[in-house]
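Mapped onto full-length UniProt numbering, the consecutive letters of the sequence shown carry residue numbers 1 to 178. Remarks on the structure that follows.
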Amino acid sequence: NDLRVIRTLRELNKKFQPFGVQFKSAAITDVRFNQELQDILQETTEFKSKIKKQKKQQKHSMDKIQFDADKLMEGKVKDHERKLQELRAARTRALIDREKANTDTQSKCEVERLKEEERAKTAETRAKSKLKVAETEAQRTAEDVLARARAELEKARIRALQEAKTMIFESEQELKAA
């Protein structure tokens, strides 16, 4: 209520300040509304009453829903407990079966591992012998290539030496002739 008075004073002072009038205090003693506003206020009051009635009905409905939900939940909890017991029993059976399967699998894996180790050793021995053969062949091939290269080099050296001697001889002959 005080806030309305302060706002009203502020508005009055703003409007009358150009005329040199200043309001220090005010009191609202009577309020009149036009018919339209009175109708709106009446409708608002009626609407608030309807809201209260609706809230009561809603609370009653919610209580009934909650009761039904609690009853349903109780049944579901019992069903759930029964299913849990069944699942626990099934899990125990599955664990026993899995343990048996694991033991069988481990035995088979051990046998397979030993076979694979044998195969791997055999393959390793074969690979080593093939490597020796390949190394020997590569060494022989390298020696052959080196021997051919040396022979070609010697042949080229002799040819170059022979050509040089021929050129020297021809040059000497030209010198003598000149």
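Using N, Cα and C, we set each Cβ at its ideal position, and we do this for glycine too.
Spatial distance of residue i from residue j (CA atoms)
{"i": "Gln66", "j": "Glu81", "result": "22 Å"}
{"i": "Arg88", "j": "Leu95", "result": "10 Å"}
{"i": "Ala178", "j": "Ile168", "result": "15 Å"}
{"i": "Asp97", "j": "Glu110", "result": "20 Å"}
{"i": "Met62", "j": "Glu43", "result": "28 Å"}
{"i": "Thr122", "j": "Glu116", "result": "10 Å"}
{"i": "Glu11", "j": "Lys48", "result": "32 Å"}
Whole-Å CB distance - residue i paired with residue j, under 8 Å assumed
{"i": "Leu9", "j": "Phe23", "result": "5 Å"}
6 Å CB neighbourhood of residue i in its chain, flanking five on each side removed
{"i": "Glu172", "result": "none"}
Residue i beta carbon near the ligand MG (any heavy atom closer than 7 Å)
{"i": "Ala127", "result": "Among the components modelled here there is no ligand, and therefore nothing to report on the ligand MG."}
Among the options, nearest to residue i - alpha-carbon criterion
{"i": "Ile6", "options": "Gln17, Ser25 and Phe19", "result": "Ser25"}
Cutoff 8 Å: residue i Cβ touching any chain B Cβ
{"i": "Glu118", "result": "The chain labelled as chain B is not found in the depicted structure, where only one protein chain is given."}
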